[in-house]
Structure formats: C-alpha cells, structure tokens
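Student: Encoded as structure tokens, here's the structure I'll be asking about.
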C-alpha cells in the first residue's frame, strides 16, 4: 500500500474519530451543564420556599403581638374554653349527690354547707363519646 493512501486513511480516520469524540464530549458537557442548572434551580426554589415560610411565620407573630393577648383569636379562644368549662362543670355538678352550697350561719357568717342533690335533676346534656378529643383539637387549633 502506498504511503499516501495509508496517510490519507489514518488522517481521515483521525478526523472522523476526532469529530465523533468531540461531539460525544460536547454532548456530555451539555448534559452536565443542564443537570447543574436543574440542581441550581431546585436549590433556589427550596431556599425561596423556606424563606417565604419563615417570613410568613414572622408576619403572623407580629400580627398576634400587635393584637395583644386579647385580640380576636385570644378572645375567641377564651370564650370557647370558658363555655366548655362551664358545660363540663354543670355535667359534673348534676352527676353528684351532694353540693356545697353557700349559706349564712346564724344569719350572719357566710358558710358552706353540704346539701343533698337528686342526680340528673338538672337534665344537662352530657358530652358525646370521645368529645374531649375533638374539643382539645379545637382548642389547640386556636392557640
């Protein structure tokens, strides 16, 4: 085989392999760049979401501070808890057979005296089964 033909074939082969190799390398570099950009975008989104959540919590805390303890949510929580406590007290008092009743001893001194009570005579509606779980969940949501 003549030298020029060998040189032509090897040069052409090097040219073809060099072109294919460069194309493969460029594709690989493009994929790496794309993956890096996707990862950077995901990290930026996660950071933005976390920052927004922190800012939201700070704003909510500032609003509650500006309203004070007796703002709308504090007042609503207090009223709901007092109504629930009163209802539970009435259930307990209606289910006991003796009550401490304030009286005036010798018509002068205030005194507590045990008085008999007919159980269930007040006919207070009892709480439904497992109601305390629901009530606690409601109170926890308010605070």
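In the numbering used here, the protein residues as written are 1214 to 1356. Every residue, glycine too, gets a C-beta built ideally from N, C-alpha and C. Every value quoted in this text rests on a predicted model; they were computed, and no experiment measured them.
1) Quick one: what does DSSP say residue 1249 is sitting in, helix, strand or coil?
2) Which residue marks the beginning of the alpha helix (DSSP H) containing residue 1300, and which one marks its end?
3) In angstroms, rounded to a whole number, what distance separates the CA positions of residue 1313 and residue 1327?
4) Tell me the DSSP bridge mates of residue 1278?
5) How many angstroms separate the CA atom of residue 1281 from the CA atom of residue 1275?
6) Count the CB pairs spanning the stretch 1345 to 1352 and the stretch 1318 to 1337 that are closer than 8 Å, and state whether there are at least three.
7) Counting only beta-carbon separations shorter than 8 Å, does residue 1334 have a partner in chain B?
8) Whose CA, out of 1292, 1273, 1323, lies closest to the CA of residue 1352?
9) Could you tell me the boundaries of the beta strand (DSSP E) in which residue 1316 lies?
10) Between residue 1294 and residue 1338, what straight-line distance do the alpha-carbon atoms span, to the nearest angstrom?
Tutor: Judging by the given coordinates:
1) Helix, per DSSP.
2) Element bounds for residue 1300: 1285 to 1307.
3) Going by the C-alpha atoms only, they are around 5 Å apart.
4) Paired residue(s): none; residue 1278 is not in a bridge.
5) Straight-line spacing of the CA atoms in residue 1281 and residue 1275 works out to 10 Å.
6) The stretch 1345 to 1352, when compared against the stretch 1318 to 1337, does not touch it at the 8 Å Cβ threshold.
7) The question asks about chain B, but that chain is absent: this structure has only one protein chain.
8) Comparing C-alpha distances from residue 1352 to each of 1292, 1273, 1323 shows the shortest one belongs to 1292.
9) 1311 to 1318 is the extent of the beta strand (DSSP E) around residue 1316.
10) So the two alpha carbons sit approximately 17 Å from each other.
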